[in-house]
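Chain order of the listed sequences is D and L. If you use the UniProt record's numbering, the first sequence closes out at 477, no skipped numbers anywhere. If you use the UniProt record's numbering, the second sequence closes out at 477, no skipped numbers anywhere. A short worksheet on the structure shown next.
There are 2 protein chains.
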Amino acid sequence: MEMPPVDDFALAKKDALVTRLGEVLPGDAVIHTVEELKAYECDALTAYRCPPLAAVLPRTTEEVSAVLKVCHEMEVPVVPRGSGTSLAGGALPTADSVILGTSRLTDVLEVDYADRFIRVQSGRTNLSVTGEVEHEGWFYAPDPSSQLACAIAGNIAMNSGGAHCLKYGVTTNNLLGVRMVLMDGTIVDLGGAHMDAGGLDLLGVVCGSEGMLGVVTEATLRILPKPEGARPVLMGFDSNEVAGACVADIIKAGVLPVAIEFMDRPIIRITEDFAGAGYPDCEALLIVEVEGSEAEIEEQLSTIEEIARRHDPVELRRSTSEDESQRIWLGRKSAFGATGRVADYMCLDGTIPVSELPRVLRGISDLSEKYGLRVGNVFHAGDGNMHPLIMFDANKPGDLETCEEMGAEILKLCVEVGGCLTGEHGVGVEKRDLMSHQFDAADMEMQMRVKDVFDPSWLLNPAKVFPLDVTADRRAG
Amino acid sequence: MEMPPVDDFALAKKDALVTRLGEVLPGDAVIHTVEELKAYECDALTAYRCPPLAAVLPRTTEEVSAVLKVCHEMEVPVVPRGSGTSLAGGALPTADSVILGTSRLTDVLEVDYADRFIRVQSGRTNLSVTGEVEHEGWFYAPDPSSQLACAIAGNIAMNSGGAHCLKYGVTTNNLLGVRMVLMDGTIVDLGGAHMDAGGLDLLGVVCGSEGMLGVVTEATLRILPKPEGARPVLMGFDSNEVAGACVADIIKAGVLPVAIEFMDRPIIRITEDFAGAGYPDCEALLIVEVEGSEAEIEEQLSTIEEIARRHDPVELRRSTSEDESQRIWLGRKSAFGATGRVADYMCLDGTIPVSELPRVLRGISDLSEKYGLRVGNVFHAGDGNMHPLIMFDANKPGDLETCEEMGAEILKLCVEVGGCLTGEHGVGVEKRDLMSHQFDAADMEMQMRVKDVFDPSWLLNPAKVFPLDVTADRRAG
């Protein structure tokens with residue numbers, strides 16, 4: 001992974017920068033010693049690390065504005081950071097940048113059940129948003145696996161999804177408005193608790209913009225009434241192809257479960273060894289979950305099981321208790337952790353048309369043989385959002401590079417069948433060199449011209465999303 | 001209503017333009033005689049009329065591209081037109097412009113049930129999209145009142161909603177991708193059948209951009225399984241306030257009906273005289289509709305009726321048959337037509353927080369007295385999208401102007417309580433002078449800079465959305 005060249009001038013002005021930041025923030029909100037900065041040198045894509053010049057932890061929109069004004073004046077790039085759970089290096093610093101952390105922006109500002117929204121500061125964790133409203137029977141729908149830790153700020157930056165987004169949509173479908181600070185310190189409000197206002201929908205383009213357009217400090221989020229109950233059914237099949245066909249048939253039949261999760265043999269084994277969830281010994285496993293009242297659950301599961309039976313399942317087990325439901329989900333939820341126990345791995349995020357699942361799974365298997373690296377597949381099958389885990393040995397010279405190369409081939413395959421590079425993790429630094437496989441030069445130019453509008457000097461979240469040479473040209477003006 | 005100055009030069013070059021257009025289109029696709037152009041001089045906001053230089057009716061994306069190239073070279077503005085059902089003058093020509101009609105772009109290009117989408121040319125009508133998939137039990141959710149006539153192209157331009165958008169969202173929540181032609185003739189693809197791709201979400205900003213960024217020629221739309229059944233309940237109340245409070249309580253309770261429609265006394269009377277739907281004699285009426293299986297319908301209606309009873313309804317009547325359901329909806333669906341029979345009217349589209357319904361209804365009533373014009377209210381209450389109908393006499397000098405002035409006051413009130421100028425009709429020419437009440441100069445400048453990116457010469461849909469003086473400055477460069 002190539003990193004942008006370090007700006008020596010920026011390093012030289014570190015002292016002046018820290019002094020200026022100290023003037024606009026409380027003392028404990030400016031972090032600048034080498035030891036303390038260790039915590040900010042990477043996010044969850046730990047293969048890449050780089051200490052920033054400094055990190056700041058503002059408490060208010062006004063403090064964020066003050067920080068950005070200082071950095072704008074001094075021409076210092078700023079890397080916004082939610083909770084640092086990005087799997088794509090979305091919060092990876094550059095050596096000449098300041099990390100702007102949202103961890104102190106955690107207030108709940110307003111809850112309004114009649115208008116079905118909650119307004120929070122953006123550093124609040126995803127799960128604690130639901131925590132604020134669940135006693136009244138409501139919840140916030142997007143549920144990334146990292147929801148205990150990840151911040152709404154990062155969810156907005158990456159347009160995060162989760163297991164339940166098949167039914168409820170991703171962040172952009174649940175985000176009503178933001179307060180955002182532009183790189184020059186200007187505070188803007190986009191959207192709001194009301195419906196889409198007139199004029200251009202700038203909120204739409206901000207969601208998923210990976211922190212490149214502004215720093216979101218407050219978010220107005222749609223909350224929904226909690227369904228009465230939920231229940232999963234576990235299905236095992238003899239091949240990935242048959243499991244993929246079953247997914248397509250469930251959706252074609254017009255049943256919309258809240259989640260359809262897919263695990264292949266390598267992941268089933270690794271997970272079962274670790275979590276003992278009672279998964280059967282088979283080639284492919286589906287967990288299909290439905291929601292609603294008892295009557296609704298009964299009706300949907302009957303339809304789904306009837307479809308499954310047509311595909312000769314080797315296992316078809318409907319959960320009969322809350323305990324059993326939790327056990328079924330336990331395996332799925334520990335899949336990443338369990339894989340991490342047996343190998344280093346890289347988690348991809350390609351998304352494809354559901355009907356192409358069998359073809360892409362075969363292609364991944366072929367690439368696994370070609371490159372000699374094991375792959376496990378565990379993913380949100382209902383919306384075609386795949387998460388191939390490529391396993392490698394970080395201590396074996398060249399293995400990471402082979403893994404990266406193989407990952408790139410898999411993502412190109414996803415684009416080839418009509419899909420895209422990333423479903424919910426973002427491009428970050430990880431996939432920036434693949435952007436030209438998804439977009440031609442004219443498409444990318446248009447996106448970069450929109451970036452120009454918000455951040456003309458290209459100081460916000462540098463070296464992300466777009467190929468490095470292109471970004472360098474842009475910053476040079 | 002002020003109109004932009006006519007460019008005499010443009011008029012002078014009409015012959016050359018018609019010749020050039022004839023070179024890139026079949027003969028019957030270029031309309032240029034004064035008589036034939038009559039059909040294009042206004043949309044559904046019939047108070048404003050202006051014949052264009054010419055109108056073209058291309059059949060393919062390539063023809064659209066050829067037309068735009070010609071107009072771009074000759075610096076002739078282009079006004080895209082769906083079916084011309086805009087209530088805000090979104091398709092109103094200027095005297096120096098070419099109307100680009102989508103009425104021949106009606107093909108269905110692809111239907112894919114496993115991936116839950118349909119791809120159509122953009123001139124296809126809203127209802128005929130559902131028509132293409134309903135035999136398999138699917139439908140396209142957004143349902144503007146004009147759905148029999150209105151085109152998907154216009155739905156995307158205005159980000160249209162409809163009675164059912166409380167549950168299913170508006171166009172932006174159901175649009176997956178577009179093929180679009182920029183003013184210089186470049187063809188671009190944004191989004192697609194897959195999830196949100198990496199990079200900036202330009203699709204989000206195109207949806208609702210009122211034809212100012214490009215001409216959409218194809219759309220990939222999310223289709224959904226049709227619910228088993230639906231049933232409305234009719235409720236009458238003694239005052240608007242009580243009806244408003246009942247709406248808020250239903251939503252707070254976590255029930256999400258597919259529609260909550262509100263009618264006040266003037267509309268109830270006008271509608272009843274016309275349609276004889278059997279509405280009770282009361283101050284305010286709600287139609288609340290729920291969907292699902294028999295068991296789900298039963299459960300939801302019981303909860304809703306229990307809440308209604310706490311507000312002392314003067315009528316509470318659950319439909320017991322398909323006939324009765326149709327009769328209940330008949331009144332609501334004929335409300336606009338019935339009003340048109342007794343007076344000229346202007347239909348507003350302000351949107352407010354649901355909790356502010358009582359306050360805004362009182363404000364509208366006060367303004368009605370102040371200006372001496374009758375107002376009827378009939379609207380989508382569940383998401384606060386109001387449609388006050390201000391009645392006036394087009395033959396009485398000054399009455400239209402009074403009506404416009406009063407309409408502006410109502411919309412300002414909507415913004416004041418935290419709402420916005422338009423829910424689903426768009427800004428068009430109708431509300432462009434009010435944009436500065438919703439957005440400050442910095443907000444508008446940001447939007448206009450995004451417009452600059454897509455259409456640097458400001459030739460697409462001129463004189464819309466932004467105040468006229470601002471637009472003129474922009475075009476002058």
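Note that beta-carbon positions come from the ideal geometry of N, C-alpha and C, so glycine has one too. Model, not experiment: these values are computed from the prediction.
Query, Result
"Nonlocal neighbours in the same chain, by C-beta distance under 6 Å from T130(L), ignoring five residues either side", "F139, Y140"
"Cross-chain neighbours of V465(D) in chain L, by beta carbon under 9 Å", "G198, G199, L200"
"M235(L) in three-state terms, based on DSSP", "strand"
"Chain L within 8 Å of F379(D), Cβ atoms only", "no"
"Local conformation of W138(D) per DSSP, three classes", "strand"
"Neighbour-count burial assignment, E430(L), 16 or more Cβ in a 10 Å radius", "buried"
"Neighbour list for F439(D) in chain L, Cβ cutoff strictly below 7 Å", "G199"
"Interfacial residues, the stretch 206 to 217 of chain D to chain L, with Cβ spacing under 9 Å", "V206, C207, G208, S209, E210, M212, L213"
"Chain-ordered chain L contacts of L256(D) [CB-CB under 8 Å]", "L224, P225"
"Neighbour-count burial assignment, H135(D), 16 or more Cβ in a 10 Å radius", "exposed"
"Collapsed DSSP secondary structure at G191(L) in the structure displayed", "strand"
"Beta strand (DSSP E) segment containing H380(D), residue limits", "375 to 380"
"Neighbouring residues, chain D, relative to A442(L) (Cβ below 8 Å)", "T186, V188"
"Straight-line gap, K69(L) to D184(L) (C-alpha atoms, nearest Å)", "5 Å"
"CB contact below 8 Å: R116(D) versus chain L", "yes"
"Alpha helix (DSSP H) segment containing A408(D), residue limits", "399 to 416"
"Start and end residues, beta strand (DSSP E) containing V215(L)", "215 to 222"
"Extent of the continuous alpha helix (DSSP H) run through I156(D)", "152 to 158"
"Beta-carbon contacts of H311(D) that lie in its chain and below 6 Å, excluding the five residues immediately before and after", "V242, C246"
"Beta-ladder partner(s) of C347(L), from DSSP", "L389(L)"
"Against chain L: residues of the stretch 292 to 310 of chain D by CB proximity under 8 Å", "G292, S293, A295, E296, E299"
"For F274(L) and T351(D), the rounded distance between their alpha carbons", "53 Å"
"CB contact check: A248(D) to chain L, cutoff 8 Å", "yes"
"Cutoff 6 Å; reference A338(D); Cβ partners in own chain excluding five residues on either side", "I270, T271, F274"
"Span of the beta strand (DSSP E) around F262(D)", "259 to 264"
"Own chain, CB closer than 8 Å to T402(D), minus 5 neighbours either side, in chain order", "Y371, G372, L373, F392"
"6 Å Cβ shell around T85(D) - same chain, five flanking residues per side excluded", "A44, S146, A149, C150"
"Any non-hydrogen atom of the ligand NAP within 7 Å of I352(L) CB", "Only the bare structure without any ligand can be found here, which leaves the ligand NAP out of the picture."
"Beta-carbon contacts of F454(L) that lie in its chain and below 7 Å, excluding the five residues immediately before and after", "L182, L213, G214"
"Min CB distance I364(D) to chain L below 8 Å", "no"
"N- and C-terminal bounds of the alpha helix (DSSP H) containing V67(D)", "61 to 74"
"C165(L) - DSSP class collapsed to helix/strand/coil", "helix"
"C-alpha gap between E294(L) and D281(D), whole angstroms", "40 Å"
"Sufficient close CB pairs (3 or more, under 8 Å) joining the stretch 372 to 391 of chain L to the stretch 164 to 182 of chain L", "yes"
"Completely contained alpha helix (DSSP H) runs for the stretch 10 to 42 of chain D, where each covers 4 or more residues", "14 to 24, 34 to 37"
"P358(L) in three-state terms, based on DSSP", "helix"
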